[in-house]
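Structure first, then comments.
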Amino acid sequence: MKCDSLEEVRENIDNIDDKIIKLIAQRSDYVKQAAYFKKSKIDVKAADRVEK
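Read in the UniProt record's numbering, the sequence shown has 39 at position 39, and its numbers run on one by one without any break.
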C-alpha cells in the first residue's frame, strides 16, 4: 500500500483508526452479552481462552 502523499497516509491511518474504534465498541457489546451468561466467579474463568 504505497501512498503518494502524507495526506494519503494520514487518511489511511484515520480509516484504520475508525475501524479499530468500531471493533472495540463491538467487542465491548459482546463482553456485556457474555456477562449475562456468567452467573458466578467460576463461570468467569476461561483458562482455555487465556492460553490463546
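The beta-carbon is built from N, C-alpha and C at its ideal position, and this holds for glycine as well.
- Ignore the nearest five residues each way along the sequence and tell me which others in Cys3's own chain have a CB closer than 7 angstroms to its CB. Position 3 of the sequence shown, counting from 1, holds the residue named residue 3. If we look at Cys3 and ignore the five residues flanking it on each side, its Cβ neighbours are Val9 and Asn12.
- Message: By the DSSP assignment, the alpha helix (DSSP H) with Lys19 in it spans what residues?
- Response: Position 19 of the sequence shown, counting from 1, holds the residue named residue 19. Its alpha helix (DSSP H) spans residues Leu6 to Phe37.
- Measure the alpha-carbon distance for Val31 versus Lys38 and round it to whole angstroms. The residue labelled residue 31 in the question sits at position 31 within the sequence shown. The residue labelled residue 38 in the question sits at position 38 within the sequence shown. If you take the alpha carbons of Val31 and Lys38, they lie about 11 angstroms apart.
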